[in-house]
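J.: Okay, here's the structure, questions in a sec.
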Amino acid sequence: MDQVIGNLSLDQLRILVAIADAGSFSAAGRRLGRAQSAISQAVAGLEGAQAVQLFERGGHRPRLTEVGRLLVDQARLVLASAARFEAVAANTRS
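And the structure:
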């Protein structure tokens, strides 16, 4: 299930980080087991919802914009926090 926070989802953040780490939409898709078109749609949704441009397109590979780099850093923090939240919850179950 995709967890949603306001206008964004943890899945969109995972995709954003995967693109930053993999260097391309298609490589991120392979890492996540998704089609490149699904990765592109998720990024377009995230950019639209947040009214920002995350990537400079037009070259061989997409490059993060300045705001994109800032938001990737924040996405990493959010994802790490969500993982800790889930771990604590799992450890408290009997």
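Under the numbering used here, the residues of the sequence shown are numbered 102 to 195, in order.
Glycine is no exception: its CB is placed at the ideal position from the N, C-alpha and C atoms.
Computed from a predicted structure; not experimentally measured.
1) Any idea what DSSP makes of serine 110, helix, strand or coil?
2) If distances are taken between C-alpha atoms only, which option among Ser182, Ser125, Ala188 comes closest to glutamine 137?
3) Using 8 Å as the threshold, is the C-beta distance between alanine 143 and arginine 132 below it?
4) Beta-carbon within less than 7 Å of leucine 180's beta-carbon, same chain only, minus the 5 sequence neighbours each way: which residues are those?
5) May I ask which residues mark the beginning and end of the alpha helix (DSSP H) holding leucine 172?
6) Please classify leucine 155: is it buried, with 16 or more other beta-carbons within 10 angstroms of its beta-carbon, or exposed?
7) Please classify glycine 169: is it buried, with 16 or more other beta-carbons within 10 angstroms of its beta-carbon, or exposed?
8) Identify whether arginine 164 lies in helix, strand or coil by the three-state DSSP scheme.
9) Starting from the Cα of isoleucine 140, find the closest Cα among Val153, Ala152, Ala121 and give me that residue.
T.: Working from what's here:
1) Within the sequence shown, the letter at position 9 stands for residue 110. Three-state result, serine 110: strand.
2) Position 36 of the sequence shown holds residue 137. Answer by Cα proximity: Ser125.
3) Position 42 of the sequence shown, counted from the start, is the residue given in the question as residue 143. Position 31 of the sequence shown, counted from the start, is the residue given in the question as residue 132. Not in contact: alanine 143 and arginine 132 (Cβ atoms no closer than 8 Å).
4) Mapped onto the sequence shown, residue 180 falls at position 79. Excluding positions up to five away in sequence, the list reads Leu111, Leu114, Arg115, Val118.
5) Taking the sequence shown and counting its residues from 1, the one referred to as residue 172 is at position 71. 167–193 is the extent of the alpha helix (DSSP H) around leucine 172.
6) To locate residue 155, count along the sequence shown from 1; it is residue 54. Its Cβ being crowded by 16 or more others within 10 Å, leucine 155 is buried.
7) Taking the sequence shown and counting its residues from 1, the one referred to as residue 169 is at position 68. Its Cβ being crowded by 16 or more others within 10 Å, glycine 169 is buried.
8) As a position in the sequence shown, residue 164 is number 63, starting the count at 1. DSSP places arginine 164 within a strand segment (E or B) once states are collapsed to three.
9) Counted from its first residue, the sequence shown places residue 140 at position 39. Ranking Val153, Ala152, Ala121 by Cα distance to isoleucine 140 puts Ala121 first.
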